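Heads up: the sequence shown begins at 1 in full-length UniProt numbering, then just goes up one per residue.
Beta carbons: idealized from backbone N, C-alpha and C, even for Gly.
Model, not experiment: these values are computed from the prediction.
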Amino acid sequence: MAKGVLKPDTVGSLIFCPQCGNLLDIPGEDDLMICNLCSYTHRSIDLENFEVVTTSRPGAFPSALRNRRDDVHRDLKDATAALVKEPCPKCGNPEMEYHTMQLRSADEGQTVFYTCPKCAYKTKLNS
């Protein structure tokens, strides 16, 4: 086939040579994409209005901070909360569930988290 008759294949924003499948380099000053393997040549202006739309899942890009947050939330969810005779400020239920966490520096007290089992009201106390 004559040069320029074949159009490059694309996958996302990657542009491949239609003759040998090699990844084409970004065009130089001459506005040509030249395959390093088979010397196929294509004008980059033909792909000037090429639009790429990508989507990704929320967990597609790992994050140490997100993983740590998920671990903390999982620990809080799995933790068995103890009951204390403390009335709920919102609904007056006589008992609230509580758990503690060390959120501040080690020389300061723990933070106590209270949750009402009846109305799900949440509050905290820095002890």
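Tell me whether the region 10-17 and the region 35-54 touch, counting them as touching only if at least three CB pairs, one residue from each stretch, are closer than 8 Å. yes
Let me know if residue 128 comes out buried or exposed under the rule of 16 or more other beta-carbons within 10 Å of its beta-carbon. Beyond the ends of the chain as shown, which are 1 and 127, falls residue 128; an answer cannot be given.
Give me the Cα-Cα distance between C91 and T123, rounded to the nearest whole angstrom. Here residue 91 corresponds to residue number 91 of the sequence shown, with the count starting at 1. Here residue 123 corresponds to residue number 123 of the sequence shown, with the count starting at 1. Using only the alpha carbons, I get a separation of about 13 Å.
Give the DSSP bridge partners of F61, in chain order. Against the sequence shown, residue 61 aligns to sequence position 61. Answer by DSSP bridge pairing: none, since F61 is not bridged.
Note down the Cα distance separating C35 from S44, rounded to an integer number of angstroms. By one-based count along the sequence shown, residue 35 stands at place 35. By one-based count along the sequence shown, residue 44 stands at place 44. Roughly 12 Å between the two C-alpha positions.
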